[in-house]
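Okay, structure first, notes after.
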Amino acid sequence: MAGSPTTPPPLPKTMQAPPSSVAADAIVSTYSLAPTTRTTVVSTTTTTTTTTTFPPLILNQPRHHRLSSTRSGKEAASDDSAAGSSSRALIYPLADQPTPTVLRSFLFELDGRKSRFVESTDPQQSLEILQQQFETSSSSSSAGVAPTPGRTIRTTTTTVNTSTPRISDEAHAIRKRALSPSARQESKPTTKATDEAAKESTADSAAASKSHEHESKRRMTAKDRADFTRGVFRQADTLSESDAVALTPASTSSTAAEPTKKQSSLQFGLGLSTPLSASGSTAIAARDGQGLSIDVQAAQTANEINPLSLPSPSLSPVTGSLRKHRGDDDYFASNPHTVETQETIPEEVSPSQSVMMTIPAMVDSFDALPENVKDYVMYQFLRRCSKKTLSTVVSTVLPALRCDFIALLPQELVANVLQYLDAKTLCVAAQVSKTWKNAVDGSRYTWRKLLEAEGIHTGESEMKRAIREGWCMEGWSKLPADDVASPEEEEEEDEHLEGQVREIIDGGDSETMMLASVAKAAATNTRSEFESLLPYPNMFKAIYRHHYLVNRNWMSPNSTPRHLSLPGHGRNVATYVVTCLQFDSEKIITGSNDLCINVYDTKTGQLRTRLEGHEGGVWAMQYVGNTLVSGSTDRTVRVWDIKRGVCTHIFYGHTSTVRCLEIMQPVMTGYTSDGKPIMSPEEPLIVTGSRDSSLRIWKLPKVGIDDEYLPSSTNPEYDADPFFLRALVGHSHSVRAISGYGDMLVSGSYDTFVRVWKISTGECLFRLAGHGAKVYSVVIDKKRKRCISGSMDWLVKIWSLETGECLYTLDGHTSLVGLLDLNNTALVSAAADSTLRVWEPETGTSVHKLEGHTGAITCFQHDEHKVISGSDGTLKIWNIKTGKVVKDLLSDLSRVWQVRFDERRCVAAVQRGQETFIEVLDFDYDPNAVDDSSRFEVVSASSTRVPTATSAAA
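If you read the sequence shown in the UniProt record's numbering, its first letter stands for residue 1, the second for the next number, and so on.
Given below as structure tokens:
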């Protein structure tokens, strides 16, 4: 392998101005062509790599920056430099700003060649390298050595012997070069008379230039001198032919054997921002040791070949007329629009006027630049603009860049765009303009999807409540939270709202019509009409907004929810414990070992009724609608009509305590071949688990439709029970927990096994073995077709319902794992070690460990935002996303037996001293409302009317 030297190229001999004369704060950049490779295969394989590197491009600081830094020593000494810099920044905001990173280095294509532009990060070092190159060039000149060209083309040739000649398949990147100026001159026919005339014209021009330069020196001041060293117009002593730069490229490529003799050359001056190609052979002239300017004819010729050429101040009528006398092509003669102007130009033209005449060439040169280079050059122009000019540019450019696509697109497309935004982004978008606000507020589809994503129920009951309470787009509800209607009034109002709610849920009018209605009402400026339309086309946003504000109250450490304290199940703490709790917006139902079930009014806290009939403590309970099912230590399962407060059905069969039960509603699990939905189970079922190690399945009676079934407790006839379906036998110990979905049922037992059952047939599909102690909790993950179990062996296991294998074992607890809760985003386990743990349900990864309680966790519930847990004396709320405790909801308690919450309320069964209480915390309140003393209310047991309901059999 052979190659040319890798040292930086020396400068041309004709460049007599040393780099030391360049300002120390100048910007130094480099421009190079990407390497090209050519492979030739004959008897040997020859690879030739050509790299073209141009000398550095030097850009001085803006002119006003240089003038302020080169003032006389006296003026500089009397001035505060910091104050001067600040004042300059006020007038020229970008003057002292560095080039943005994105513009400091980039790639672009030029004449089909990949090129690279890099601005030096260390200009001082680049200038030192440039000084070394200048010294090398000077020493070579004094020794009589031919100068090295300004452009360097390095060629590396690699030769490899091959046994079989072949042609390489590699692409040949052959750079097509323009015809060199010398070649163009040779191609033109010349005569001896023409050459002699040209010589005479050149001599005359040189004499005229010297005379013109002498007169200009006497007339111009230092302030009027122009500097064009780096492509920017610099005040000069005068504009003469000696200021021109002739650029002479030679198109050759070097070889490995002769790297220096066959290098291509391109001469150019330090002051040129980019290398140029030009006709003519005029050398680079020195000018008082300062920078150089560019010959206009060279610049014009370069515009045709190299679009990186920049204009020169020498592009003036004076220089043009001088060239005309010596036979050069006249730039202005080729432009018919400038001929008349040339004739009217006076003989004496100032340098400033000549600069003005270069504007057309400057614009043409800028148009010829690649886009990336335009960005860089434009930034350099902006650095030289005053604040007033920048303001004008901004006021012109910004309106052109702004496009209100929401106003231009059809409403159907607008709704399609908005559906990809989250709630926070939508609220920000609604503040942009009235058009955007109307589009965001009117997009029912967008807000409905957000509600579904958040898991917020939007059924008829929620719609009726939103309309009844006046949920609006601004502020809180139109009706006070305590201004509630009686159940009878709500029923009448529900009938009136039925049609409106159904229209909203089913879709009603199209999205476009509703958006048009809102926009029309907003445009009329009739607020009453606009507000009357808001709840209906914006109902889903109103619901989402209301839930968002309520959740903000939940997660605020400073929240003060309305507090309602209800009397519990008795005073004898040693005997009475609240074992079951369930509630909705109308009623709170609790079960206890005092043999009773209490039904409270959720809004007022009044005890509606007490269901009595069990002969033992109630340890399992669940209700759906108006039907309540309970299991007791008396080994019976009872069905109750909640409104009437009576027991309608009694089921026998278990021979020990009914410890757990679940009402399984039909869900769609698939489709038949003809497209009909498959519902499993086919009808609502009751599944119970008992300490007798069995599970039993009954049909859920339709209260008010099915006949009552109240057999004698002394001699129950199991076979005659019309609601009994089957018994599931297989466990060898107490069934402690059950969980079902569709046709699948999972049970956990004290025999350490988890069993998976098929409800429709009673078949045991899997016996999941792996726990080493009693199983206390199970839950089905219907989304992933898995089940999860917690055991006394401190472990949580995740099982596959398709294969029966254990997928993950989650360890971390140090005591009995008695409680599990699962939703779409998180699995939470609670143990007797006083901690809760949050797991990622997909992989079983531990997310958070919730520490803060000092005793065993007795109850908890969680959703996508929070975890509420009860233990010894406190009820805490946690942020499930951070794992941090938000606050203590209740404190100074003796026990916390049960806790449940919905979107609005938290209900807890607690013990204080020797009494049990039902605590209701309502977070649906306006935090900006005036605080009042009615936030906390205790409902007296003596003032509560307690109707007692007993079963006929009892």
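Cβ atoms here follow ideal geometry from the backbone N, Cα and C, with glycine treated the same way.
- The C-alpha of SER791 is placed about 25 Å away from the C-alpha of ALA909.
- Judged by beta-carbon spacing, SER829 lies beyond the 8 Å limit of HIS853, meaning their Cβ atoms are not closer than that value.
- Put simply, the backbone Cα of VAL687 is about 21 Å away from that of CYS596.
- Of the residues VAL618, SER386, PRO684, ALA769, the one whose Cα lies closest to the Cα of SER690 is VAL618.
- Ranking LEU549, LEU409, CYS647 by CA distance to the CA of GLY631 puts CYS647 first.
- ALA826 carries a coil assignment under DSSP once its states are collapsed to helix, strand and coil.
- CA-CA distance, LYS774 to ASP926, rounds to 47 Å.
- Nearest neighbour of ASN438 by Cα position, chosen from ILE406, GLU454, THR52, turns out to be ILE406.
- Residue pairing from DSSP places MET744 in a beta bridge opposite TYR741, LYS758.
- Between the segment 727-734 and the segment 750-767 there are three or more inter-stretch CB-CB distances shorter than 8 Å, so the stretches are counted as touching.
- Going by DSSP, PHE651 is part of no alpha helix (DSSP H) but of the beta strand (DSSP E) stretching over 646-651.
- In the DSSP annotation of this structure, THR435 is not part of any beta strand (DSSP E); the continuous alpha helix (DSSP H) holding it starts and ends at 434-442.
- Counted as a single uninterrupted DSSP element, the beta strand (DSSP E) harbouring ASP781 occupies residues 775-781.
- Taking one beta carbon from each stretch, the segment 784-801 and the segment 750-770 have 3 or more pairs nearer than 8 Å; the two touch.
- If you draw a straight line from the Cα of LEU566 to the Cα of GLY913, it comes to about 15 Å.
- For GLU371, the enclosing alpha helix (DSSP H) starts and ends at 371-383.
- Distances from the CA of LYS758 to each of LEU728, TYR548, ALA26 were compared; the closest alpha carbon is that of LEU728.
- Between LYS388 and LEU90, the CB-CB gap reaches or exceeds 8 Å.
- Between THR99 and GLU119, the C-beta spacing is below 8 Å.
- By the Cβ-count criterion, SER365 is buried, with 16 or more other Cβ atoms from all chains shown falling within 10 Å of its own Cβ.
- Its Cα nearest to that of ASP781, the residue SER739 stands out among LYS114, PHE583, GLU412, SER739.
- Around ASP892, the same chain offers GLY873, ARG912 as residues with beta carbons nearer than 8 Å, after the five sequence neighbours per side are excluded.
- Residue pairing by DSSP places LYS699 opposite LEU685 in a beta bridge.
- By the neighbour-count criterion, in which a residue is buried when 16 or more other Cβ atoms sit within 10 angstroms of its Cβ, ASP404 is exposed.
- For SER115, the enclosing beta strand (DSSP E) starts and ends at 113-119.
- The beta carbon of GLN419 is closer than 7 Å to those of TYR445, THR446, LYS449 in its chain, skipping five residues each way along the sequence.
- Within the segment 822-896, the beta strand (DSSP E) runs of at least 3 residues that lie entirely inside it are, in chain order, 827-831, 835-839, 846-851, 859-862, 866-870, 875-879, 884-890.
- If you draw a straight line from the Cα of PRO557 to the Cα of LYS424, it is about 22 Å long.
- Taking a C-beta distance under 8 Å as the contact criterion, VAL377 and LEU390 do not qualify as a contact pair.
- For TRP878, the CB contacts under 6 Å within the same chain, skipping 5 residues up- and downstream, are LEU850, VAL867, VAL885 in chain order.
- With a beta-carbon spacing of about 5 Å, GLY591 and THR579 fall inside the 8 Å limit used to define contacts.
- Just so you know, the alpha carbons of HIS848 and GLY568 end up roughly 34 Å apart.
- Take the alpha-carbon of LEU816 and the one of ARG900: they are about 22 Å apart.
- Following the DSSP letters along the chain, one finds ASP601 inside the beta strand (DSSP E) bounded by residues 596-601.
- Per DSSP, the unbroken alpha helix (DSSP H) holding PRO399 starts and ends at 387-401.
- At least 8 Å separates the beta-carbon of LEU710 from that of TRP698.
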